[in-house]
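**Q**
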Amino acid sequence: MEITVLFFGILADATGLNAKSYNGIDSFDDLRHRMEDDFPGIFHYNFRIAVNRVITEDNPVLKDGDEVACLPPFAGG
Amino acid sequence: MEITVLFFGILADATGLNAKSYNGIDSFDDLRHRMEDDFPGIFHYNFRIAVNRVITEDNPVLKDGDEVACLPPFAGG
Amino acid sequence: MRLIEGPLMPGLIAEVIAGSGGSHDTGAHALFLGQVRRDRIDGRFVKAIEYSAYEEMVIMEANKISKTILSEFEDVRAFEILHSRGMVKAGETALLVIVSAGHRQQALAACGKAVDLINERLPVWKKELFEDEPDL
Amino acid sequence: MRLIEGPLMPGLIAEVIAGSGGSHDTGAHALFLGQVRRDRIDGRFVKAIEYSAYEEMVIMEANKISKTILSEFEDVRAFEILHSRGMVKAGETALLVIVSAGHRQQALAACGKAVDLINERLPVWKKELFEDEPDL
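Residue numbers (the numbering used here), protein chains in the order written: chain A, 1 to 77; chain B, 1001 to 1077; chain C, 2001 to 2136; chain D, 3001 to 3136.
(1) Using a beta-carbon distance cut-off of less than 7 Å, what residues from the segment 3013-3031 of chain D approach chain C?
(2) In angstroms with no decimal places, state the Cα-to-Cα distance between Ala-1069/B and Ile-2049/C.
(3) Relative to the alpha-carbon of Val-3016/D, which residue among Ile-3118/D, Ile-3004/D, Ile-3069/D has its alpha-carbon at the smallest distance?
(4) Just how far apart, CA to CA, sit Pro-40/A and Ile-2013/C?
(5) Excluding the 5 residues flanking Leu-3117/D on each side, which residues of the same chain have their C-beta closer than 7 Å to its C-beta?
(6) State the Cα-Cα distance for the pair Ala-1019/B and Glu-2128/C, rounded to the nearest angstrom.
(7) Pick from Asp-3039/D, Ile-3041/D, His-3024/D: whose alpha carbon is nearest that of Arg-2040/C?
(8) For Leu-3095/D, return the contacting residues in chain A, with the cut-off set at a CB-CB distance below 8 Å.
(9) Under a three-way DSSP split, which group does Leu-3082/D fall into?
(10) Which residues, taken in chain order from the segment 3040-3064 of chain D, show a beta carbon closer than 7 Å to some beta carbon of chain A?
(11) To the nearest angstrom, how far is the alpha carbon of Met-2057/C from that of Asn-52/A?
(12) How many angstroms separate the CA atom of Leu-6/A from the CA atom of Glu-67/A?
(13) Assuming Tyr-2054/C and Phe-1008/B are in contact, meaning their beta carbons sit under 8 Å apart, how far apart are those beta carbons, in whole angstroms?
(14) Would you please verify whether the beta carbon of Phe-1047/B is less than 8 Å from any beta carbon of chain C?
(15) On the DSSP bridge list, what partners appear for Leu-3026/D?
(16) Between Ala-2030/C and Val-2099/C, is the Cβ-Cβ spacing less than 8 Å?
(17) Mind listing the chain D neighbours of Arg-2037/C? Cutoff is C-beta to C-beta under 8 Å, in chain order.
(18) Among Pro-2123/C, Val-2036/C, Gln-2035/C, whose alpha-carbon lies nearest the alpha-carbon of Ile-1055/B?
(19) For chain D, check one thing: does any of its Cβ atoms lie closer than 8 Å to the Cβ of Val-2099/C?
(20) In this structure, how does DSSP classify Glu-2050/C when only helix, strand and coil are distinguished?
(21) For the 8 Å Cβ check, are there 3 or more pairs between the segment 24-40 of chain A and the segment 3071-3086 of chain D?
(22) Tell me, to the nearest whole angstrom, how far the beta carbon of Ser-2052/C is from that of Arg-2085/C; I am working on the premise that it is less than 8 Å.
(23) Quick one: which chain B residues come within Cβ less than 7 Å of Leu-2033/C?
(24) Counting only Cβ-Cβ distances shorter than 8 Å, please list the residues of the segment 8-22 of chain A near chain D, keeping chain order.
(25) Quick check on DSSP: helix, strand or coil for Glu-3133/D?
(26) Roughly how many whole angstroms lie between the Cα atoms of Leu-31/A and Asp-13/A?
(27) Mind listing which residues of the segment 2075-2093 of chain C have their C-beta closer than 8 Å to chain D's C-betas, in chain order?
(28) Say whether chain A places a C-beta atom closer than 8 Å to the C-beta of Pro-3123/D.
(29) List the endpoints of the continuous beta strand (DSSP E) containing Ala-1019/B.
(30) Is the Cβ-Cβ distance between Thr-3026/D and Ala-3101/D less than 8 Å?
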């Protein structure tokens, strides 16, 4: 599967990226390991995951073309 | 004593006046009778009394030059 | 507190909002705008409201309201009331309350309290003018 | 919901207020304006905030907030949110919420609830820029 990962707030600063594409992903767990390889320690940040703009639980089922967003605590207003 | 009486809201309509001066007033009770003579039934309206812009109880003590205002229920905003 | 002849026009409202923006420790403004409704009363529609006020007492009471708000809500930095007197047509604005505070909760709570106090305590009266009546 | 590049300027705010005045059964507008504070953080003063947003999700969440407000407060006639993205200086406005209703209680309560939901649910982030840093 091809998955697009989006980084917001402090995670955009930490990774230096707004988005990154991953190819050949099997599962969320696989994606997680690939992200940890690219950005060591990223999962120590406090953030939630949205898949296609809907906030999900810990281990979502992914399909090809999904957009996975990493959302630090919101601070609008 | 000389007392100025002010009429607001529906009481201005009912009396046809915004204000009226009364001379030779002894007491609030005296004023009340003079007002009742001029505007029969006026004390059947629902209103409060302010003396010099402070809302008072039923039978205030008056002094020369006081301004007595007749205030129907407020309806600002 | 300012009593304004006729409706509070959008330009005036914008000016008051812009004028309250200056302070650098202000994070929130809560505003309330009261507008004349085209209410139906006994089958007739309201065209306008004529507001009358006991002006000297309005100013006194507004100062008391201001003191109450500023002492009850410590985070409030600025507070202003504008109210119309005279004729205000349906759809036009007759009341503006603006509360500026450090943070949102106090701004909103103080604004609600101020609007309640204005309704209870300001010596202002309404007279409806209906659509089937001639203009004054 | 509208995302605006940079601060919400007084002219824009006036336009939104004027545009919400039309309906004749509206008696009350409650507004909230959120403004960037010159906060002191670790001895440094905030000069500006850069807002970033997950834009597609902001629009989705704002629609949900709108539905929640309109269903929970039956007297609410109109509801709008404007939020900045990009750089907003201390003293400038970054958020406008406007709620129009028949009567004051529902307008004020709905505005407070909307501001809470915006803070909890809109995917927007802040980055402070300090006075001792160069401009971006």
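Glycine included, each C-beta is placed from N, C-alpha and C at the ideal position.
**A** Working from what's here:
(1) Those would be Ile-3013, Ala-3014, Ile-3017, Ala-3018, Gly-3021, Gly-3022, His-3024, Asp-3025, Thr-3026, Gly-3027, Ala-3028, His-3029, Ala-3030, Leu-3031, in chain order.
(2) The residue labelled residue 1069/B in the question sits at position 69 within the second sequence. The residue labelled residue 2049/C in the question sits at position 49 within the third sequence. Using only the alpha carbons, I get a separation of about 22 Å.
(3) As a working note, residue 3016/D is residue 16 in the fourth sequence. The candidate whose alpha carbon is nearest that of Val-3016/D is Ile-3004/D.
(4) What you label residue 40/A is simply residue 40 of the first sequence in a count that begins at 1. What you label residue 2013/C is simply residue 13 of the third sequence in a count that begins at 1. Rounded to whole angstroms, Pro-40/A to Ile-2013/C spans 53 Å at the Cα level.
(5) Along the fourth sequence, read from residue 1 onward, the residue named residue 3117/D stands at position 117. Annotation for Leu-3117/D: Ile-3065, Thr-3068 place their beta carbon closer than 7 Å to its own, counting only its chain and skipping 5 residues before and after.
(6) Reading the second sequence from its first residue, position 19 is the one you call residue 1019/B. Reading the third sequence from its first residue, position 128 is the one you call residue 2128/C. Cα to Cα, Ala-1019/B sits roughly 22 Å from Glu-2128/C.
(7) Your numbering for residue 2040/C matches position 40 in the third sequence. Ranking the options by Cα distance to Arg-2040/C, first place goes to His-3024/D.
(8) As a working mapping, residue 3095/D is identified with position 95 in the fourth sequence. Those are Gly-76, Gly-77, listed as they occur along chain A.
(9) Counted from its first residue, the fourth sequence places residue 3082/D at position 82. Assigned with DSSP and collapsed to three states, Leu-3082/D falls in strand.
(10) The residues in question are Ser-3052, Tyr-3054, Glu-3056, Met-3057, Met-3060.
(11) Start at 1 with the first residue of the third sequence, and residue 2057/C comes out as number 57. Start at 1 with the first residue of the first sequence, and residue 52/A comes out as number 52. Rounded to whole angstroms, the separation of the alpha carbons of Asn-52/A and Met-2057/C is 60 Å.
(12) Position 6 of the first sequence holds residue 6/A. Position 67 of the first sequence holds residue 67/A. Using only the alpha carbons, I get a separation of about 7 Å.
(13) Here residue 2054/C refers to the residue found at position 54 of the third sequence. Here residue 1008/B refers to the residue found at position 8 of the second sequence. That pair is a contact at about 6 Å.
(14) Taking the second sequence and counting its residues from 1, one reaches residue 1047/B at position 47. Contact with chain C is absent for Phe-1047/B, since none of that chain's Cβ atoms lies less than 8 Å from the residue's Cβ.
(15) Your numbering for residue 3026/D matches position 26 in the fourth sequence. The question names Leu, yet the displayed sequence has Thr at residue 3026/D. None; Thr-3026/D has no bridge partner.
(16) In the third sequence, counting from the first residue as 1, residue 2030/C sits at position 30. In the third sequence, counting from the first residue as 1, residue 2099/C sits at position 99. Yes, the Cβ-Cβ distance between Ala-2030/C and Val-2099/C is below 8 Å.
(17) Counted from its first residue, the third sequence places residue 2037/C at position 37. Residues of chain D passing the Cβ test: His-3024, Asp-3025, Thr-3026, Gly-3027, Gly-3102.
(18) Against the second sequence, residue 1055/B aligns to sequence position 55. Ranking the options by Cα distance to Ile-1055/B, first place goes to Pro-2123/C.
(19) Mapped onto the third sequence, residue 2099/C falls at position 99. Taking Cβ atoms only, chain D never reaches closer than 8 Å to Val-2099/C, which makes this a no.
(20) For the purposes of this step, residue 2050/C is identified with residue 50 of the third sequence, where counting begins at 1. Here Glu-2050/C sits in strand by DSSP.
(21) Short answer: they don't touch.
(22) Within the third sequence, the letter at position 52 stands for residue 2052/C. Within the third sequence, the letter at position 85 stands for residue 2085/C. At roughly 7 Å, the Cβ-Cβ gap stays under 8 Å, so Ser-2052/C and Arg-2085/C are in contact.
(23) As a position in the third sequence, residue 2033/C is number 33, starting the count at 1. Under the 7 Å cutoff, chain B gives no residues; its nearest Cβ is about 10 Å from Leu-2033/C.
(24) Listed in sequence order: Phe-8, Gly-9, Ile-10, Ala-12, Asp-13.
(25) Walking along the fourth sequence from the start, residue 3133/D turns up at place 133. Coil, per DSSP.
(26) The sequence position of residue 31/A within the first sequence is 31, counting from 1. The sequence position of residue 13/A within the first sequence is 13, counting from 1. When rounded, the distance between both Cα atoms is 20 Å.
(27) Those residues of the segment 2075-2093 of chain C that come within reach of chain D (Cβ to Cβ, closer than 8 Å) are Ala-2090, Gly-2091, Glu-2092, Thr-2093.
(28) As a position in the fourth sequence, residue 3123/D is number 123, starting the count at 1. Yes, Pro-3123/D counts as interfacial toward chain A.
(29) Position 19 of the second sequence, counted from the start, is the residue given in the question as residue 1019/B. Ala-1019/B -> beta strand (DSSP E) spans 1019-1022.
(30) Position 26 of the fourth sequence, counting from 1, holds the residue named residue 3026/D. Position 101 of the fourth sequence, counting from 1, holds the residue named residue 3101/D. Annotated as proximal: Thr-3026/D and Ala-3101/D, with beta-carbon spacing under 8 Å.
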